[in-house]
Structure formats: C-alpha cells, structure tokens
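>
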Amino acid sequence: MDETVAEYIRRTVLKIPRDQIKTMLQKWGFLSETQLQTLNFHQIKENISQDVVQLCEENSADIKQAAVLDIIYNHIYPNKRVWSVYQMNKTGEETEFFDLTDFKKKFKRRLRSALKNVTINFREYEDNAIWIRIAWGTPYTKPNQYKTSYVVYHSQTPYVFISASVLKSNLPLLCQALVVASSYHDIREMELRSHSLNSLKDIVFKRYSQNFQTYYPRPLQERNVAPESTDLRIIQENRNEKERIQRVNREVFGDGPQPKLEFAQYKLETMFKSDPKMDVLDKKEPFRCLVKFSSPHLLESLKSLAPAGMADAPLSPLLTCIPQKARNYFKIREKKGFLPGSFVSP
Amino acid sequence: KENADPQRTAFLLRKQWTLYSVTPLYRFSNARLRDYARLLSAFIAAEKQKGLAVEVGVELDIKVVVSSLPDLKGSDQDQAAILVQLSSRSPASPKNSEEKLIWSGWFCCVSGDDLSENVPEDFTCLPLFLANGAESYTSIVGSWFQKTFDCCFRRLAISPLNLSWMAAMWTGCKVDKTASVELVFSVPCLPQPLDISYAIHPEDAKALWDTVQKTPGEITQEEVDVFMDCLYSHFHRHFKIYLSATKLVKVSTAIASAHCDGIIKFLQSQYLTGVLMLLTELAISQIQ
C-alpha cells in the first residue's frame, strides 16, 4: 500500500471522535466485520488509527477507497467546512431525465481534460444528494489529498453546494464541469455562505417555516404566558406591548426553528441623514459602512432582540429577508425617488 | 509636546499590550536599573525553583534587562518610561546563540501631573503599565515590583464611555494609512449571543466628526455623544436595532485599537504619546 495512502487513512481516522470510529468504518465497508472485531476501540486514538492502517495494508487499500472514507466523514460532519451556494440556470423549460452515470462520466471527462492530476469520487445518498470529492493536483504534481473541494448536488434542483477549501483558482473549472455534466446553461454564486450545510439546504429548498402575512388582527394567543403571580401587587408592565412584540416577531420570523447561519454582512452605500437641527454632516455622497453580524445561531439571535428591548418590532426587512432572499451578503444602496428611508439591494 | 523618536519606539507598535494601573512606587531610583534587573532575575529563578514554573517543558535561562525610555513622556515633570524585557536562551544552545524576547512590560507616565503633583517625595509616579507576553511572567514581574516598591497593580478596564472618546478622538486624526473606523458591539445576554461589527470608511467618519467638533483643539463630552448618536441612528435607520442598548467592546482605527478588557494596540508612532496620555489619565482615575 502506498505510504501516502496509509498516512491519509491514519489522519482521517484520527479526526473521527473515538466513539464513532467503529460505525464509520462499518459504513465504509472496506474492512470486513471479522477485521473490525480485531480492533480495540478502547485504546487511544493514535493506536486505533495505526491498527486500522495495518488492516488496510492487508487489504491493499488504494487512494480511491481512502477517499470514500473521507467523503463519509465529511457527510457526517459537514459543519467543519464553509459552504457556498450556487444556482444553475437552464434556457428552456423541459426537465430532462437525470442520468447519474452520464453525469459522472461528463463531469470526470470535463475536469480531466483540463487537469489530468485530480482524484474524483462520487457517493450518492437517499435524499437525492450526490456528493463529489475532488482532490486537486497541478499539471506537474499528483493530487494533494489534503487540498480537497466538496460538491453536494441535488439533481432534482438547480442548486449546488460547494466547499471549495483552499484552492479557489480551481473554482471556475469546477463550475464549468458541473454545468456541462448536468446540461445546464450557466452557474452563478449566490450570496449565501454558512458552516451549516443543512441550514443552507433549508433556506434554498424553503424547508423552514416561513413567515406569513396577516391581513386581520389575530386574537392574542394564550400560550407562553408566564404564570400569574399570586401577589396582586406585582403586575406586568407594558403587557400589551410585550405581546405585540411576540406576535409581530412570530409573523416576521415564522413559528418554527430558524435555519442556522453564523453571519450576515451588509455593505452600506446609503446617505447619512440626520435631524437638520443637529447641524451635522450633510453630504451628497454615500456614508460608506460595512456591518457584520455574527452569532452561533444568527437568526435566533436576531429574533430575540426585540423581546429583549434592544430593537424595534418588526425588525428591519434587511435582516428578516435573509431566508427568503437566500442570501447573507448584501450591498445596500439608497433607493432613488419618493420614498426616503427605503433601500434596494441589488 | 515633542513626539518620541519613531525609530526608538517602533518596537512598541503592532503588539497587543495588556493594561494595568500602578500606584506610585516607593524609593524607586532611575540610577539602579541594573541592580533591579539582577534582583528580578534572581527572583524569577527562585520562583521557578519553587515549582512555580512558567513554561512547561524546556528549562529556559531567563535574562532580564531593565532600561529607561526617556522619550516616552509628556511633560517635564513626567518620569521617563521604564522598560523591562525578559529574554530566553535554551541552556542546550551555545553561549552566543540568539536570545529570544519572550516578555516585555513597561511603566510610563504621560502628562500625569495630576498624580505626580500630589505625592510625597520618595514616590515615583508611573501609573500606567503595559505588558506583552505570557500572563505567568506578568504575574511574577508584577509580584516582584509590588514587593520591592510597595505598589499595587490592577487590571485597567476601559469603559464604553472611554471607548467612545477614543473613537471620536482617533477618527479626527489625520493619517496617511487608510483603515476603517471599526466599532465592535457585543450582546452576550441573549439566548444566542450576538456580535456586531460596524466599520465606517475613515474619510466619511472623519467628515462626520469634523462637522460635529466645534472648537479646534478641544473635545467635549457633548460632541462625543453627538458623534456616537449619529452613528447609532444611522445604524438604527437600517436595522431597527438600538446599538446604545448593546455593549461597545472594541474600537479600532488607523491610530490604535482598544478593547474593553484593557488591551491596546498602537499602530502609529506619530500618535503614540497622545494615546498614552489618554491611557495615563484612565490609570490615574483608577488609582485615585
């Protein structure tokens, strides 16, 4: 077995949490059940990985099999990478029948015609997701298995999720191969990025509970009301306002859990407006700012601002439109015309 | 005020310094710096023997240098700044091999007349202390100074109010380099914490400040408030969020960056003394 393959397998196993190693090796299916029985999963990971390499040696593992283990790892722990979303476009309406074999063949052919030194692996999952792992080399060097890009393509949709990793220069080539293989016309990057692959899917596939418009006042809901204090001297101030905020928040954010994003960025090129009495800046040019919001769970965090008294309800549409617009990078310019204080984002 | 020679103070730039206030030192003498270095060195060695080892693993030979930085002062009454540097050399390597600087700390006083005018003769006023390097070394050096000169070190936090002052003051400075005026706000008490970075193009921020500041050479609290309110209301107009209800934790400009935990980074030697003057003032208020 190639030394680089052995080292790669060893390092991949080391990444896996100890209590998950056995399951993942079973999913991999490269080592027989008998071989797995011989492994002691209670020793330190260093030793477990050495033992696994030993067994792989017996089975003469090559890079293709090692790559499959890597795909399995990334499929279970996708949140270790940052994913960007791309949308492909077709001219014409027909939905062609998707032929997986044809897709794989065309993809490999297109990629290899431009760059001979690549390792390409595919793996299909039940939810119609095709995972593609690409290890990049150069015209003169073998593929570097540690410099990989991942593509997740749901063939029934025009969306592709790409975790390009370090080699951004290979991105155009990758995009080209996808378009050719899937018989689309072109591909564009959406302004949507996150560690949480599932949340990105939720957003573009509209799988989260969306907000809805109400045209009539809804009766105040009785749930989530704190138990009434038995002491009549204690009353809740601003009860109506608190309930209004909760209601408006629900309308704007929807009832269900929010998709998980870590950041949103706004490049502001709007005018600075102030009270004329203040006698401050009155320039005719934009007041240029860059605003970044970050949080372990951004949308939940924003949702909690108004109830905490730190924001108005409803919150600005610039923030609440994130799931519907399927983007978390924005460029905001002043809308020309009648309505002061309204914004466009191209 | 003459500015410090940029060559001599270049090593202070672009490093992260943790801030402390220090009460006046009793019977400290500028003439005994070499002695102090020797005594501190012995103290460090003794602490390591005691098992209060600072570095796990390799045994290091620590060399101490204590020197004076006469350029770093504001007025003539100010004491010259005192610099303490710890370098290490692995005992395994040859005698002449390079020493690595592992920790620096310096005491200074820039326009600290408020304090120095009011202390008895035997006391030296160096209310501001800045440290860069492992916390464990800061602790040992601090202990030695506290024992030897009967002084007291305290971490110097920077309040949002003072951070706003820095934002306003530094925005008004003219600099060659372009770097945004960045304000970082934190909202930790939500179910999911939120951080907001609000960076304004330096030209636009300065244009705003220039219309707010009415008296040249003088800044009032009211002007700082108006400046910040303008920024807050521009933000609210877009996002409907009240930044004034959040905590301002960091301010970053081309001049310097400051964090509320009492951490500073100097980025321009031209304004070094100016920033030190402000920090000296903060240190003195903490002491008094």
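Those protein sequences? They're chains A and B, same order as listed. Those letters in the first sequence? Residues 1 to 346, by full-length UniProt numbering. Those letters in the second sequence? Residues 1 to 288, by full-length UniProt numbering. Note that beta-carbon positions come from the ideal geometry of N, C-alpha and C, so glycine has one too.
1) Which one of Asn40(A), Thr270(A), Asp186(A), Asp62(A) has the shortest CA to CA distance from isoleucine 200(B)?
2) Is the CB-CB distance between cysteine 125(B) and cysteine 109(B) below 8 Å?
3) Hey, would you say alanine 157(B) sits closer than 8 Å to aspartate 261(B), going by beta carbons?
4) Is it right to say glutamine 145(A) is buried, meaning 16 or more other beta carbons lie within 10 angstroms of its own, or is it exposed?
5) Any residues in the stretch 182 to 213 of chain B with a beta carbon nearer than 7 Å to a beta carbon of chain E? Which ones, in chain order?
6) For chain B, is any of its Cβ atoms less than 8 Å away from the one on lysine 312(A)?
7) Report buried or exposed for phenylalanine 11(B), applying the criterion of at least 16 other Cβ atoms within 10 angstroms of its Cβ.
8) Between which two residues does the alpha helix (DSSP H) holding lysine 108(A) run?
9) Are methionine 277(B) and serine 164(B) closer than 8 Å when you measure CB to CB?
10) Who are the near neighbours of serine 301(A) in its chain, counting only those whose CB is closer than 7 Å to its CB and skipping five residues on each side?
11) Beta-carbon within less than 7 Å of lysine 100(B)'s beta-carbon, same chain only, minus the 5 sequence neighbours each way: which residues are those?
12) Using a Cβ cut-off of 8 Å, which residues of the stretch 74 to 105 of chain A contact any Cβ in chain B, in chain order?
13) In the DSSP output, which residue or residues are listed as bridge partners for threonine 220(B)?
14) Tell me which residue opens and which closes the beta strand (DSSP E) that leucine 183(B) is part of.
15) Closest by CA to arginine 193(A), which one among Asn74(A), Thr38(A), Val85(A)?
16) For the candidate residues Phe293(A), Asp202(A), Ala313(A), Asn59(A), whose alpha-carbon lies nearest to that of glutamine 246(A)?
17) Interface residues of chain B around phenylalanine 272(A) at Cβ under 8 Å?
18) Just the C-alpha distance for threonine 148(B) and leucine 39(B), rounded to the nearest angstrom, thanks.
19) Would you say proline 139(A) lies against chain B (beta-carbon separation less than 8 Å)?
20) Is it buried or exposed for glutamate 46(A), if we count other Cβ within 10 angstroms and need 16 for buried?
21) Any chance the stretch 229 to 239 of chain B sits against the stretch 168 to 178 of chain B, with 3 or more Cβ pairs inside 8 Å?
22) In chain order, which beta strand (DSSP E) runs of at least 3 residues are fully inside the stretch 131 to 210 of chain B?
23) Name the one or two DSSP bridge partners that alanine 135(A) has.
24) Taking the Cβ atom as the reference point for each residue, do alanine 311(A) and isoleucine 241(B) lie within a distance shorter than 8 Å?
25) Is it the case that the stretch 185 to 200 of chain A contacts the stretch 95 to 112 of chain A, given that we only count it when at least three CB pairs across the two stretches are under 8 Å?
26) Grouping DSSP H, G and I as helix and E and B as strand, with all else coil, what is aspartate 2(A)?
27) Compare the C-beta of leucine 318(A) against all C-beta atoms of chain B and say whether one is closer than 8 Å.
28) Determine the closest residue to proline 286(A) out of Leu268(A), Lys303(A), Val52(A), Lys292(A), with distance taken between C-alpha atoms.
29) Could you check whether the Cβ of lysine 15(A) sits closer than 8 Å to any Cβ belonging to chain B?
30) Of the residues that make up the stretch 237 to 263 of chain B, which ones have a beta carbon closer than 8 Å to any beta carbon in chain A?
31) Taking Cβ positions only, does leucine 261(A) come closer than 8 Å to chain B?
In terms of the structure at hand:
1) Checking every option, the nearest Cα to that of isoleucine 200(B) belongs to Thr270(A).
2) Between cysteine 125(B) and cysteine 109(B), the C-beta spacing is below 8 Å.
3) In this structure, the beta-carbon distance from alanine 157(B) to aspartate 261(B) falls below 8 Å.
4) So glutamine 145(A) counts as buried.
5) The structure shown has no chain E; the protein chains it does contain are A and B.
6) Checking the sequence shown, residue 312(A) turns out to be aspartate, not lysine. Taking a beta-carbon distance threshold of 8 Å, aspartate 312(A) counts as an interface residue toward chain B.
7) With fewer than 16 other Cβ atoms within 10 Å, it is exposed.
8) For lysine 108(A), the enclosing alpha helix (DSSP H) has its first and last residue at 100 to 114.
9) The answer is no: Cβ separation not under 8 Å.
10) Excluding sequence positions up to five before and after serine 301(A), its CB lies within less than 7 Å of the CB of Ser295, all in the same chain and listed in chain order.
11) Hits under 7 Å: Ser87, Ser88.
12) From the stretch 74 to 105 of chain A, no residue has a Cβ closer than 8 Å to chain B.
13) In the DSSP output, where bridge partners are listed per residue, threonine 220(B) has none listed.
14) Looking at the DSSP string, the run of the beta strand (DSSP E) that includes leucine 183(B) is 181 to 187.
15) If you compare the alpha carbons of Asn74(A), Thr38(A), Val85(A) with that of arginine 193(A), the shortest gap goes to Val85(A).
16) Considering only alpha carbons, the answer is Ala313(A).
17) In chain order: Asp204, Leu208, Cys230, His234.
18) Cα to Cα, the separation comes out at about 10 Å.
19) Proline 139(A) has a beta carbon lying at 8 Å or more from every beta carbon in chain B.
20) Exposed.
21) Two segments are said to touch when three or more pairs of C-beta atoms, one from each, lie closer than 8 Å; by this definition the stretch 229 to 239 of chain B does not touch the stretch 168 to 178 of chain B.
22) You should have 153 to 155, 181 to 187, 194 to 200.
23) Its beta-bridge partners are Thr119(A), Thr148(A).
24) In terms of Cβ geometry, alanine 311(A) and isoleucine 241(B) form a close pair [threshold 8 Å].
25) The stretch 95 to 112 of chain A vs the stretch 185 to 200 of chain A: no contact.
26) Aspartate 2(A) falls in the coil class under three-state DSSP.
27) At least one chain B Cβ lies under 8 Å of leucine 318(A).
28) Among Leu268(A), Lys303(A), Val52(A), Lys292(A), the Cα nearest to that of proline 286(A) belongs to Leu268(A).
29) Using a CB distance cut-off of 8 Å, lysine 15(A) does not count as an interface residue toward chain B.
30) Those would be Arg237, His238, Phe239, Lys240, Ile241, Tyr242, Ala245, Thr246, in chain order.
31) No - not a single Cβ of chain B is within 8 Å of the one on leucine 261(A).
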